[in-house]
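Shown next, in structure tokens, is the structure this report addresses.
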């Protein structure tokens, strides 16, 4: 009797698999590499030829590595055979995803020529989604047919690519476009491309390089997500003007001038801000809007800022001065991340000035510079090496009153941290300034639930033992700080 029940149960399980619709099976297999999708042919008669009609093709060359060696011919022939078989069946290809590299230079030649052919092949098969990640120094010429593919909805080329736009373009279904290290770097080309994408919602251009200045102006009613990341070149001054009333997220880096117009729907922003040192005689391009630019982002809920040095100098003393003349507040801001700012009396005052105009933040993330050799323009910038003594549990500073007129503690108790629940700090080195900063946060954030601390790696392996001891003492001091929140928890991670 029990055996019969077991058999019935087994048959039921087989029936459940065999009764799945082909559409559902295709959807399941779309999440795995085609190499594994092919192996499902042994599951049952129902699955024997399912793989031959899969509309989603995923290929990853890493699955063909043996140690550090890749069987190039095997994987190249495999992709060729799959596409040839699909061509013989005459079925459309919905998705083509490829991950390959890094390879030696000779292999790059084989891969780029095949990749060119494969993309032409899938375009002919009415592909909707092309995603290529190629870890290589080779430059890939994007086939013209890609820009005339009427079925294409998503194009992601994570590869150094050369783009020469054909005379006519037809991308009226394209909603997602992401290009990395492409030659698409002037306004005329970008305008030509965008004019052929009437429903484009996501545009991201990263690692954009140019021998001259980059100036881009974009206006779009459909754009919801925009990112522009330019390779830094101190000799070039880059400008962006963007008008997008439906924009939800914005990200940029290495821009000297940004003008955002009609972006009231913006919810998230990640951007660089340059601050010119006092009395510095730099070109006008360096002064741009600076902190005034932040006012355009005042309605966002998620904000990430990287303060960048100008001519290798970051004068953090100027941040409170400039913010003092800004009447706006980030009233809707819930999540704030600050990058590339080390902790010193002046930088803590700068952070206090920022938090003062962010009355409702619930999470604060601080990413300290990994390289302490960053030249921060501060007269009393102290050494990173904190005291190893356990006696000074809450180190005191003696800054000049005229310099540190607004301490983080004074600002936080009056204006901020009332809603702060989560804090994360990475790149800690164990300095007294870091201890002071953490202590003030714990003392004033009454609703704090967690604070996560990541220490950076020691400079060398021989310093590892000393550094571990220093980190241990740092942790002990932090745990002895009093906390305004009864439910706060501190988590430590050795390296960040």
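In the working numbering, the protein residues as written are 389 to 884.
Ideal Cβ positions, reconstructed from N, Cα and C, are used throughout, including at glycine.
A quick note: this is a predicted structure, and the numbers were derived from the prediction, not measured.
Rounded to whole angstroms, what's the CA-CA distance from residue i to residue j? Just pull it up for me.
i	j	result
residue 583	residue 635	17 Å
residue 832	residue 825	11 Å
residue 481	residue 610	27 Å
residue 777	residue 817	The predicted model places residue 777 with a pLDDT of 36, which falls under 50 and marks its position as unreliable; any figure quoted below should be read in that light. One C-alpha to the other measures close to 16 Å.
residue 468	residue 461	10 Å
residue 632	residue 838	37 Å
residue 637	residue 437	43 Å
residue 686	residue 811	21 Å
residue 864	residue 585	57 Å
residue 484	residue 530	15 Å
residue 690	residue 724	6 Å
residue 451	residue 754	37 Å
residue 706	residue 737	10 Å
residue 419	residue 735	46 Å
residue 629	residue 510	35 Å
residue 711	residue 681	11 Å
residue 873	residue 412	49 Å
residue 871	residue 652	38 Å
residue 855	residue 847	9 Å
residue 843	residue 822	11 Å
residue 435	residue 573	47 Å
residue 463	residue 449	7 Å
residue 476	residue 528	28 Å
Starting from residue i, trace the alpha helix (DSSP H) in both directions and tell me its first and last residue.
i	result
residue 424	422 to 427
residue 575	575 to 583
residue 486	That residue, residue 486, is in no alpha helix (DSSP H); its beta strand (DSSP E) goes 483 to 488.
residue 829	820 to 832
residue 613	Where residue 613 is concerned, there is no enclosing alpha helix (DSSP H), although the beta strand (DSSP E) it sits in stretches over 613 to 618.
residue 410	410 to 417
residue 707	706 to 712
Compare the Cα-Cα distances from residue i to each of the options and report the closest residue.
i	options	result
residue 649	844, 464 and 683	683
residue 866	880, 855, 856 and 553	880
residue 553	546, 544 and 570	570
residue 415	809, 807, 446 and 430	446
residue 515	544, 705 and 733	544
residue 828	843, 739 and 846	739
residue 747	691, 807 and 840	807
residue 722	710, 487 and 743	743
residue 596	875, 619 and 541	619
residue 578	563, 551 and 471	551
residue 830	419, 868, 613 and 857	868
residue 615	452, 625 and 564	564
residue 612	871, 625 and 588	588
residue 521	498, 434, 471 and 566	566
residue 499	433, 711 and 526	526
residue 750	711, 733, 834 and 819	834
residue 568	505, 576 and 546	546
residue 819	732, 539 and 845	732
residue 716	745, 692 and 472	745
Less than 6 Å between C-beta atoms, sequence neighbours within five positions excluded: which residues of the same chain meet that for residue i?
i	result
residue 660	641, 694 and 696
residue 617	594 and 641
residue 489	522, 523 and 524
Apart from the five residues just before and just after residue i, which ones in its own chain have a Cβ nearer than 8 Å to its Cβ?
i	result
residue 757	728, 729, 730 and 815
residue 465	none
residue 439	417, 422, 425, 426, 428 and 429
residue 479	441, 443 and 513
residue 688	654, 655, 656, 657, 718, 720 and 721
residue 877	837, 838 and 839
residue 708	737, 738, 740, 741 and 794
residue 541	516, 517, 561, 562, 563 and 564
By the DSSP assignment, the beta strand (DSSP E) with residue i in it spans what residues?
i	result
residue 469	Here residue 469 belongs to no beta strand (DSSP E); instead the alpha helix (DSSP H) covers 460 to 477.
residue 692	690 to 696
residue 597	Per DSSP, residue 597 belongs to no beta strand (DSSP E) and is neither H nor E.
residue 838	838 to 843
residue 742	From DSSP, residue 742 is part of no beta strand (DSSP E) but of the alpha helix (DSSP H) over 733 to 744.
residue 662	656 to 662
residue 551	Note, residue 551: premise wrong, no beta strand (DSSP E); not H, not E.
residue 333	Nothing in the structure corresponds to residue 333, since the chain is present only between 389 and 884.
residue 723	723 to 727
residue 629	627 to 631
residue 521	517 to 522
residue 749	Where residue 749 is concerned, there is no enclosing beta strand (DSSP E), given that its DSSP letter is neither H nor E.
residue 572	Neither: residue 572 is in no beta strand (DSSP E) and is coded neither H nor E.
residue 447	444 to 448
For residue i, I'd like the list of residues in its chain whose CB is within less than 7 Å of its CB, leaving aside the five on either flank, ordered along the chain.
i	result
residue 607	631
residue 752	724, 808 and 811
residue 875	837
residue 470	422 and 445
residue 532	554
Does any residue of chain B bring its CB to less than 8 Å from the CB of residue i?
i	result
residue 427	No chain B appears in this structure, which consists of one protein chain only.
Are the region 541 to 561 and the region 602 to 617 touching by the rule of at least three beta carbon pairs closer than 8 Å?
-> no
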